[in-house]
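Read the sequence shown against my numbering and you will find it ends at 1011, with the numbers running on by one and no gaps.
The beta carbon of each residue, even a glycine, is placed where N, CA and C say it ideally should be.
Computed from a predicted model, the values in this text were never measured in an experiment.
Below is one structure, written out as structure tokens; the observations come after it.
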Amino acid sequence: MKTILSIMLFLLAGFTGWAQPGNPYNLVIRGHIQNLSTGLPMAYHPVFATKLPVTGTSVVATSTDSLGNYAFEIINGSINGQNAEFRVYTYNCDSTVRKVEFSNQQGSIDLKEVNFDLCANLPPPCQAYFSYTFSPVNPLKVNFTNQSPGREDSSALFFWSFGDGTSAQTLNAEHVYATPGTYEACLSITRGTCTKSFCKLIVVGSNQEFCKSAFSIVSTPGTNIRKGKPEAPYNENYQYVWVVNNLTILDYDPILPFIQGWNSVCLTVSKGNECHTMTCDSAFVPEGPCRAEFSFHPAPNTPNRMIFVNESNGRFDSTMAFRWTFGDGSVAESPNAEHTYTAPGSYNVCLVISSPSCVDTVCKQIVVGTPPPTCDAGFTFADFRRAPAAVQFFSVPGQNTDHHLWIIDGRDTIRGNPNPVYTFTHPGEYSVCHFLSNSTTNCQKQECRIVHILPSDSTRCEARFTATPSSAAPMRWIFNNQSVRADSAILQSKWVFGDGSAPFIGLNAEHTFPGPGTYTVCLFIESAGCTDHKCMTIVVQGPSNACNAEFQWNRLPDQQAFKVAFHSVSNPNINMSHYWSFSNTNHSELPNPVFTFPGPGTYNVCHVVYNPAGMCRDTVCRQIVLLPVPDDTLGCYAKFIWVSSEHNALRVNFKNQSSPGEYRWTFGDSTISEQPNPQHLYAAPGSYQVCLRVKRGNCVDEFCANVNVAPGDTNGYQIGGQVFAGANTADVAKVNLIRRDPVSHALYVFRTTLVDSSGRYVFNHIPSGVYLIRAGLLAPSAYFHNYVPTYFGSQYYWQFAEPVVVNADGNTYHISLIYSGNVGGPGGVGGGITGPIRTEGPINEATVIVTNLFDGPQRWTRTDENGQFSISDLAYGTYRLWADYEGMVCVPVEFTITAENPDVNFVLNLGEEIITIIQETKASIYRGVLFPNPANTQVNLEVNMGNATLLEMQVFNLTGQLVQAQTTQTAPGLQTIQMGVADLTSGIYLMTIRDAKSGTLIDSRKFTISH
1 MKTILSIMLF LLAGFTGWAQ PGNPYNLVIR GHIQNLSTGL PMAYHPVFAT KLPVTGTSVV
61 ATSTDSLGNY AFEIINGSIN GQNAEFRVYT YNCDSTVRKV EFSNQQGSID LKEVNFDLCA
121 NLPPPCQAYF SYTFSPVNPL KVNFTNQSPG REDSSALFFW SFGDGTSAQT LNAEHVYATP
181 GTYEACLSIT RGTCTKSFCK LIVVGSNQEF CKSAFSIVST PGTNIRKGKP EAPYNENYQY
241 VWVVNNLTIL DYDPILPFIQ GWNSVCLTVS KGNECHTMTC DSAFVPEGPC RAEFSFHPAP
301 NTPNRMIFVN ESNGRFDSTM AFRWTFGDGS VAESPNAEHT YTAPGSYNVC LVISSPSCVD
361 TVCKQIVVGT PPPTCDAGFT FADFRRAPAA VQFFSVPGQN TDHHLWIIDG RDTIRGNPNP
421 VYTFTHPGEY SVCHFLSNST TNCQKQECRI VHILPSDSTR CEARFTATPS SAAPMRWIFN
481 NQSVRADSAI LQSKWVFGDG SAPFIGLNAE HTFPGPGTYT VCLFIESAGC TDHKCMTIVV
541 QGPSNACNAE FQWNRLPDQQ AFKVAFHSVS NPNINMSHYW SFSNTNHSEL PNPVFTFPGP
601 GTYNVCHVVY NPAGMCRDTV CRQIVLLPVP DDTLGCYAKF IWVSSEHNAL RVNFKNQSSP
661 GEYRWTFGDS TISEQPNPQH LYAAPGSYQV CLRVKRGNCV DEFCANVNVA PGDTNGYQIG
721 GQVFAGANTA DVAKVNLIRR DPVSHALYVF RTTLVDSSGR YVFNHIPSGV YLIRAGLLAP
781 SAYFHNYVPT YFGSQYYWQF AEPVVVNADG NTYHISLIYS GNVGGPGGVG GGITGPIRTE
841 GPINEATVIV TNLFDGPQRW TRTDENGQFS ISDLAYGTYR LWADYEGMVC VPVEFTITAE
901 NPDVNFVLNL GEEIITIIQE TKASIYRGVL FPNPANTQVN LEVNMGNATL LEMQVFNLTG
961 QLVQAQTTQT APGLQTIQMG VADLTSGIYL MTIRDAKSGT LIDSRKFTIS H
């Protein structure tokens, strides 16, 4: 019941009903809760207290700790001269309430202990439930099966109501309806004084095979995973909506995110006005191996942005999956999360964790936009004193609080003193809890710590220290000695740094390590006959980890034929300096320079990134190739691709990829066209030679290809999936299936389809091969401006997308659109996009994305027919501008919007496809180069790994067939992996590189084999 608990804790934070500032006469209620069925304490179990009679503000709440203990403080609950009645209550395992009531006469009770023993001798449940089936002979006849717990009890009474005015009083029932229709059938069960009912809507007659919402909950043996399984078969025309503890899931048979304890689950099946039926049930989940938990706090200097920190156990398990819902329709699937809300307010945030062995959920109500009251219940004291010891506790100074309560070892209390002194007379370990509150700001906090009191003759000592890297130098670390001994100072401290250097004698230490690596540092102490030591393993990050030189480049349009723009994609750091070398005599110190080369050729360009303080330095060199510029006699270019219609194999769609000019098509059947991108309907199957002639000025070019028109080909495979916009399915969206042309090797959109009302898409008759899948919302969508077009693999740029290998039927590829959020402002960016030199034309329907400096999308749009774009409503700041168009490479451009310069304009040039290094977040763990390309007998993959990884390399041909695979264990650092390809035929191939253990795609590369 974690949702209820979270709400109650929120109410506690706002409780002020009994507060009278400055009045110290308060009542402390504490106790322990035990689970008798397991013999274990009830951890994190809700407990409530109220003053009688109950009012709207009189209930306070807390929960037990990991040991089953709890404590309240009720302000002004023990006042001399007043009589008061109180109730303490909690929930039993069957959801019934257990309570204890007591009187506080004349303020005689300052401390009350109330313990609960739960989950013992629970009565059989009184709960109604049934299932039903239709007669295979008579569609109007329904067989009802009683599935109520305890239905075998001879004292139980049953009453059926069939929704048509008739009834029955039998254990099970069968009923024949007079006419088709939708009826509400109900079963009531009475056992002793308990009566419960359960109802279902059933559709009798038409649609009965699919319009059924009855379901079962299927458990995976040996795990806590439970799936919802509808009784009706799947039908793509029906919508299936599950609601589990107020969490909505759109799927046919999903994993149900149950929490520990009782769960409610409902399934609604609908199809327009033809069908609407709902079934609800409940399920109990015992305490399992994983528990969801998180904390949250506002992001600094960013209005309405919250940071969520995952504190679930098992959160470092690689098999654990995470799903956040932020209460405003958006979701995230990451261990931790950050989210910007559009407006201040109260939101219900949930975290669902799941692994092969368990599923758990926790929800919390958060307030965005109003800073929470600040108070800190932390305190300090001198530990490891010898008995008897008078220990003074010091609370955090400078706080605006009006109440302090100290509870010593659960027995003694000290009120009102922020820095009390308490005398411990006997040795032992004592718990000390500090409760802090402010009745004006409603701030309430508590913190508990353990005090160690030693025997009077003890000479015990304990070595402790902290280790912190120096901000001035990456190899230097600071060690702070925090060792203790009973009532005595440490006489001697010796440090051993684990790098072969001489030991250091002294209380604290600073040490510079010889280089990056892992070191074991030990502290040895000696004091009046007591010796102790502590060792700690630290990781020293070297300069190579602080600097990471990397860059991208693109050639500017042909009027500046040999002018190249370079863009540094090194780790963003304002303290980094840059040095570029373009030849023996030319250089630049700009982060993103533009350089004009003297002419065509191959040039070696080096980029150096360094810290002026000498902390780090890194260099990368690349060869760039500049081809000659076409002169006027070669100033036009003819090229096209084609695809057969999915619905009519005789209809062929031609896509022009030529330079601008006048066009003339001949289709090989004595027909012609002068349209740029014609459709042509052939009269019969066959092989036709299609030619496109392009004319511009004095330039004429022609391209011809044989087009095979098949007789109604229905071969191929079916693939599909679902598109999500946050927690919702995409309402109006198109999905592109992108492939590589087998002749020109260019990427192009092979098929396009629209999603249905449930966000689903399907492609039929797809030839085997390697594809990219891209989904994007269309303008009528309610979420159009909030989610950028996204490729399968959760990327918005085609080079980073995860390729899909189609070689089987029925594979599903779900796409969660990437959220784009910016607080908004008066700034804007606009401009145009042109293609590579040989096309010299505007690029329409390209996706233009504005990101922050960490490549997180902020705003987006598409270019119009003239290649123009405009993006407004941007806050002041520095951004990157991306353009995505399949097969064309974009180097992102950084720009800054200020009050003095609120509008920025660019002309972006998309280059022709080249094999480049993926520069995204993967670069921190992987950088790779594939060579030689073309390859003959061997291909080499040079990788720079951030850590040891088992890599799996798979090679596919253009039909999607896996032709070769290899697994290699890598070590951290630079290395080369070799793969023999002598047995493969000449042609074009795709290599995918994955983490062999997790299956995560790291990179994909195109290469050519030429024998």
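When we look at the beta-carbon of residue i and count the other beta-carbons within 10 Å, is it buried (16 or more) or exposed?
i: V176; result: exposed
i: Y989; result: buried
i: N708; result: exposed
i: F394; result: exposed
i: V451; result: buried
i: N438; result: buried
i: P388; result: exposed
i: L40; result: exposed
i: D117; result: exposed
i: I672; result: exposed
i: C461; result: buried
i: K200; result: buried
i: T729; result: buried
i: I505; result: exposed
i: A549; result: buried
i: R994; result: buried
If you reduce the DSSP assignment to three classes, tell me which class residue i lands in.
i: N728; result: strand
i: F384; result: coil
i: N656; result: strand
i: H607; result: strand
i: H45; result: coil
i: Q795; result: strand
i: H1011; result: coil
i: S544; result: Because S544 carries a pLDDT of 43, less than 50, the predicted location of this residue cannot be relied on, and no value is offered for it.
i: L9; result: Annotation note: pLDDT 24 at L9 (below 50); position unreliable, no value reported.
i: T947; result: The question names Thr, but residue 947 is Asn in the sequence shown. N947 falls in the coil class under three-state DSSP.
i: F784; result: helix
i: G107; result: helix
i: I917; result: Any reading at I917 is ruled out, since the residue's pLDDT is 24, under 50, leaving its predicted position unreliable.
i: F326; result: coil
i: F504; result: strand
For the beta strand (DSSP E) holding residue i, just list the boundary residues, first then last.
i: K534; result: C530 to V540
i: E662; result: E662 to T666
i: K364; result: C358 to V368
i: S161; result: L157 to S161
i: L817; result: Run containing L817: none; DSSP gives neither H nor E here.
i: G759; result: It is not in any beta strand (DSSP E) - G759 carries neither H nor E in the DSSP assignment.
i: I74; result: N69 to I74
i: C194; result: C194 to V204
i: T182; result: G181 to R191
Give me the Cβ distance between residue i and residue j, rounded to the nearest whole Å; I'm assuming they're in contact under 8 Å.
i: Y819; j: Y787; result: 6 Å
i: Y132; j: I202; result: 6 Å
i: F210; j: Y238; result: 6 Å
i: T747; j: G887; result: The sequence shown places Leu at residue 747, not Thr. Rounded, the Cβ-Cβ distance is 3 Å, consistent with contact.
i: F144; j: A178; result: Going by Cβ atoms, the distance from F144 to A178 rounds to 17 Å, so no, they are not a contact pair.
i: Q966; j: T992; result: Not confirmed; about 11 Å, so no contact.
i: Y813; j: G721; result: 4 Å
i: I307; j: L256; result: Between L256 and I307 the Cβ distance is about 29 Å, and since that is not below 8 Å, they are no contact.
i: V643; j: F750; result: 6 Å
i: Y663; j: V694; result: 6 Å
i: E73; j: L405; result: 6 Å
So is the beta-carbon of residue i under 6 Å away from any non-hydrogen atom of the ligand SAH?
i: V396; result: Within the structure as shown, the ligand SAH is missing, as the structure has no ligands at all.
Query raised in the report: Three or more C-beta pairs closer than 8 Å, one from the region 318-334 and one from the region 350-359: is that the case here?
Result: Judged by Cβ distances under 8 Å, the region 318-334 makes contact with the region 350-359, as three or more pairs qualify.
Query raised in the report: Is the region 95-113 in contact with the region 24-33, if contact means three or more CB pairs nearer than 8 Å?
Result: They touch, by the three-pair rule.
Query raised in the report: Do the region 933-948 and the region 974-987 touch if we need at least three Cβ pairs shorter than 8 Å?
Result: At 8 Å Cβ cutoff, the stretches touch.
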